[in-house]
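Remarks on the structure that follows.
In our numbering, the protein residues as written are 885 to 1039.
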């Protein structure tokens, strides 16, 4: 049995049709709203069910980031990607409900580690072998490409 998560994914793209959709993890209400706190962008019934299925004596009840990490871990699992390769090309991914709380927390932990690597968080990747040195803010606004290499534009 699968659930389809659309609300959690930040960006979903079908490369064959070049359609990109955005589904934020959080919703921020507008200036006109009295309650301006961010809201988790999950269907409340889904979120309550998943939290109930995954409550663990050591880890407790997962928050929205841990749920995101579970989904991230599932989507990057080689076995999952191989089994559902054709489906993933044309539709939103179905994510399996975790069989046990331990399964959820194991996949969530792996998804969190992978997310931190993909975001290149310093505590995940360690010291950069070629750190930025010099003046500036380390932001590249324009790059040039040539000879198979990327380089900063001539100033």
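Cβ atoms here follow ideal geometry from the backbone N, Cα and C, with glycine treated the same way.
Just so it is clear, the structure is predicted and the values come from calculations on it, not from any experiment.
Using a C-beta cut-off of 8 Å, the segment 1019–1027 makes no contact with the segment 980–990, since fewer than three inter-stretch Cβ pairs fall below that distance. Across the structure, residue 957 and residue 994 are spaced so that their CA atoms are roughly 6 Å apart. Closest by C-alpha distance to residue 945, out of 936, 952 and 953, is 936. Bounds of any beta strand (DSSP E) do not take in residue 941, whose DSSP letter is neither H nor E.
Judged by pairs of C-beta atoms under 8 Å, the segment 958–974 touches the segment 989–1003, as three or more such pairs exist.
Excluding sequence positions up to five before and after residue 998, its CB lies within less than 7 Å of the CB of 956, 957 and 960, all in the same chain and listed in chain order. Listed in chain order, the non-local C-beta contacts of residue 950 below 6 Å within the same chain comprise 992, local neighbours out to five positions each way being set aside. Around residue 1010, the same chain offers no residue with a beta carbon nearer than 6 Å, after the five sequence neighbours per side are excluded.
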